[in-house]
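**Q**
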Amino acid sequence: MTAGEATLMLDYYASHGPITDPGPEAAAFAGLPADLPSLTRIVQGLVFHYFADEHIFGWKPPKERMPEIDARAVPAMLARLTALDGRPLAEPRPPERRILGCCRDFTVLLGAMARHHRIPVRARVGFATYFSPNFYTDHEVLEWWDARQGRWRLLDPELSERHLAHFKIDFDPFDVPRDRFLVGGRAWQLCRAGAADPNSFGLDPRAPEPRGFRFVRGHVVQDLAALNKMELLLWDIWGLMQAEPDAALPLLDEVAERTQAADGFTDVRRLYATPGLTVPARVLCLSPARGPHEAVVA
7 MTAGEATLML DYYASHGPIT DPGPEAAAFA GLPADLPSLT RIVQGLVFHY FADEHIFGWK
67 PPKERMPEID ARAVPAMLAR LTALDGRPLA EPRPPERRIL GCCRDFTVLL GAMARHHRIP
127 VRARVGFATY FSPNFYTDHE VLEWWDARQG RWRLLDPELS ERHLAHFKID FDPFDVPRDR
187 FLVGGRAWQL CRAGAADPNS FGLDPRAPEP RGFRFVRGHV VQDLAALNKM ELLLWDIWGL
247 MQAEPDAALP LLDEVAERTQ AADGFTDVRR LYATPGLTVP ARVLCLSPAR GPHEAVVA
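Numbering (our numbering), first residue to last: 7 to 304.
The structure is reproduced here in structure tokens:
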């Protein structure tokens, strides 16, 4: 990658996309610190994982609040946060005054705050190995640009001190090892090569669905979209995610390779324009809160 291409890439990821732009709620970001560690701690006090945090924090969200998990764009998240607690975002709040979400919402909200300060970041969709033994758990994290080392590093904003202790995490959450979080393309490559069992990739080891090769393929498509600043809900479905299992294998092989390449930015932008990979105006939302429905993308 040339210096000019690197500048274009970093400028792109330092600016908002349709999902992270706070729009009319931008005033909520006033006065926030401009460093990732501080912003990460703030986000950890703003989002409550709708099913995974109950046993960590001892609070069970009421059923009527479950639709919060379908907030696709940052303005809706910020509006709900303000409705729950009108104080500045940086002030600590108890679990019941946080918005309900999942790993994606920790990532997207932190990404919005970082881009507010022109920090280059991007969401990555894939699988984590540190939640359940011998299982690749559906997950989303943030990549941040380390200017000193000239490389992208993985950051898991969901891993608070409580989570680190609960899951016995043995690595720096601001530099997650690439074999502990696999981006969608890497998971795809392992499954295609027969080096990993597709059925070991899923939402939860206790659940028979969703998991498998189709689920991995969906993460390749969603990761490409996230790299194009379309950080959709993890249960949004479109295009090749709905195709037959053997559809477009060479194309997805290319996506898997280029989304991991250090010099892949131009190809990531090009491939996203391919029909079946581009996020359409409407998607099928397989919401855990509302059930399957057609949704308009923000």
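Ideal Cβ positions, reconstructed from N, Cα and C, are used throughout, including at glycine.
Identify which residue in GLY156, ALA153, GLY37 has its Cα closest to the Cα of GLU97.
**A** Taking the first residue of the sequence shown as 1, we reach residue 97 at position 91. Among GLY156, ALA153, GLY37, the Cα nearest to that of GLU97 is on GLY37.
**Q** Who are the near neighbours of HIS122 in its chain, counting only those whose CB is closer than 6 Å to its CB and skipping five residues on each side?
**A** The residue labelled residue 122 in the question sits at position 116 within the sequence shown. Here the set comprises PHE35.
**Q** Do VAL80 and VAL114 count as a contact pair if the criterion is CB distance below 9 Å?
**A** Residue mapping note: residue 114 aligns to position 108 of the sequence shown, counting from 1. Residue mapping note: residue 80 aligns to position 74 of the sequence shown, counting from 1. Result yes, Cβ atoms of VAL114 and VAL80 sit closer than 9 Å.
**Q** Could you check which residue in GLU260, ARG78, ALA249 has the C-alpha nearest to that of ARG288?
**A** For the purposes of this step, residue 288 is taken as residue 282 along the sequence shown, with counting starting at 1. Comparing Cα-Cα distances from ARG288 to each of GLU260, ARG78, ALA249, the minimum goes to ARG78.
**Q** Tell me whether ASN140 is buried or exposed, calling it buried when 16 or more other Cβ atoms sit within 10 Å of its Cβ.
**A** Here the question's residue 140 lines up with position 134 in the sequence shown. That one is exposed.
**Q** Compare the C-alpha of THR284 against each of LEU246, ALA253, PHE57 and name the closest.
**A** Taking the sequence shown and counting its residues from 1, the one referred to as residue 284 is at position 278. If we check each option's Cα against that of THR284, LEU246 comes out closest.
**Q** Along the chain, which unbroken stretches of the alpha helix (DSSP H) at least 4 residues long are found entirely within the region 156-184?
**A** DSSP runs (the alpha helix (DSSP H)) wholly in the region 156-184: 167-172.
**Q** So, ARG184 versus ASN234, is the Cβ gap smaller than 9 Å?
**A** Position 178 of the sequence shown, counting from 1, holds the residue named residue 184. Position 228 of the sequence shown, counting from 1, holds the residue named residue 234. No, these two residues do not count as a Cβ contact at 9 Å.
**Q** Could you compute how far the alpha carbon of ARG159 sits from the alpha carbon of PRO30?
**A** Taking the first residue of the sequence shown as position 1, residue 159 is located at position 153. Taking the first residue of the sequence shown as position 1, residue 30 is located at position 24. Those two C-alpha atoms are separated by around 31 Å.
**Q** I need the boundaries of the alpha helix (DSSP H) containing PRO43, first residue and last residue.
**A** Locating residue 43 in the sequence shown gives position 37, counting from the first residue. It spans 42-50 - the alpha helix (DSSP H) in which PRO43 sits, taken as one unbroken run.
**Q** Check ASP17 in the structure and name its three-state DSSP category.
**A** Walking along the sequence shown from the start, residue 17 turns up at place 11. Looking at ASP17 - three-state DSSP - the assignment turns out to be helix.
**Q** Evaluate HIS61 with the Cβ neighbour count: other Cβ atoms within 10 Å of its Cβ, from every protein chain shown; 16 or more gives buried, anything less gives exposed.
**A** Within the sequence shown, numbered from 1, the residue matching residue 61 stands at position 55. When all chains shown are included, HIS61 counts as exposed.
**Q** Leaving out five residues on either side along the sequence, give the residues of the same chain with a beta carbon under 7 Å from the beta carbon of ALA295.
**A** Position 289 of the sequence shown, counted from the start, is the residue given in the question as residue 295. Answer for ALA295: MET72, PRO73, ILE75, ASP76, listed in chain order.
**Q** Checking 9 Å against the spacing of the C-beta atoms, do THR26 and ALA118 come in under that value?
**A** Sequence index remark: in the sequence shown, residue 26 carries index 20 (1-based). Sequence index remark: in the sequence shown, residue 118 carries index 112 (1-based). Yes, Cβ-Cβ distance for THR26 and ALA118 is below 9 Å.
**Q** Under three-state DSSP, which class holds ARG101?
**A** Here residue 101 refers to the residue found at position 95 of the sequence shown. Strictly speaking, residue 101 in this sequence is Pro, with Arg absent from that position. DSSP places PRO101 in helix when its eight states are reduced to three.
**Q** Which residues share a DSSP beta bridge with LEU188?
**A** Walking along the sequence shown from the start, residue 188 turns up at place 182. Note: LEU188 sits in a beta bridge opposite PHE133.
**Q** Considering only C-alpha positions, which residue in the set VAL227, SER293, ARG93, GLU263 is nearest to ALA249?
**A** By one-based count along the sequence shown, residue 249 stands at place 243. Measuring from the Cα of ALA249, the nearest candidate turns out to be VAL227.
**Q** Who are LEU106's beta bridge partners in DSSP?
**A** Residue 106 sits at position 100 when you count from the first residue of the sequence shown. BP columns for LEU106 point to PHE54.
**Q** Is ARG78 helix, strand or coil by DSSP?
**A** On the sequence shown, position 72 is the one that residue 78 refers to. Correct three-state label for ARG78: coil.
**Q** Where PHE221 and PHE207 are concerned, what is the direct C-alpha to C-alpha distance, given to the nearest angstrom?
**A** Translated into positions along the sequence shown, residue 221 becomes position 215. Translated into positions along the sequence shown, residue 207 becomes position 201. One C-alpha to the other measures close to 8 Å.
**Q** Just list the alpha helix (DSSP H) runs in the region 240-266, keeping only unbroken ones of 4 residues or longer that don't cross its boundaries, in chain order.
**A** Whole alpha helix (DSSP H) segments, 4+ residues: 255-264.
**Q** I think ASP229 touches THR265, with their Cβ atoms under 8 Å apart; what is that distance to the nearest whole Å?
**A** As a first step, residue 229 must be located in the sequence shown, where it is residue number 223. As a first step, residue 265 must be located in the sequence shown, where it is residue number 259. Between THR265 and ASP229 the Cβ distance is about 6 Å, and since that is below 8 Å, they are a contact.
**Q** Report all residues from its chain with a CB closer than 6 Å to the CB of VAL189; omit the five preceding and five following residues, and keep chain order.
**A** The residue given as residue 189 occupies position 183 in the sequence shown. Closer than 6 Å at the Cβ level, and outside the excluded window around VAL189, lie ARG130, GLY132, ASP229.
**Q** In angstroms, rounded to a whole number, what distance separates the CA positions of ALA262 and PHE54?
**A** Against the sequence shown, residue 262 aligns to sequence position 256. Against the sequence shown, residue 54 aligns to sequence position 48. Going from the Cα of ALA262 to the Cα of PHE54 covers about 31 Å.
**Q** Whole angstroms is fine: what's the gap from LEU84's alpha carbon to PRO179's?
**A** Numbered from 1 along the sequence shown, position 78 holds the residue referred to as residue 84. Numbered from 1 along the sequence shown, position 173 holds the residue referred to as residue 179. For LEU84 and PRO179, the distance between alpha carbons rounds to 25 Å.
**Q** Just to confirm before moving on: does the CB-CB distance between LEU196 and ALA202 stay below 9 Å?
**A** Taking the first residue of the sequence shown as position 1, residue 196 is located at position 190. Taking the first residue of the sequence shown as position 1, residue 202 is located at position 196. Yes, the pair counts as a contact, with Cβ atoms nearer than the cut-off.
**Q** Note down the Cα distance separating ILE125 from ARG110, rounded to an integer number of angstroms.
**A** Working through the sequence shown from its first residue, we reach residue 125 at position 119. Working through the sequence shown from its first residue, we reach residue 110 at position 104. One C-alpha to the other measures close to 19 Å.
**Q** Drop a sphere of 10 angstroms on the beta-carbon of SER166, count the other beta-carbons inside from all chains shown, and report buried for 16 or more, exposed for fewer.
**A** Along the sequence shown, one-based indexing puts residue 166 at 160. SER166 should be labelled buried.
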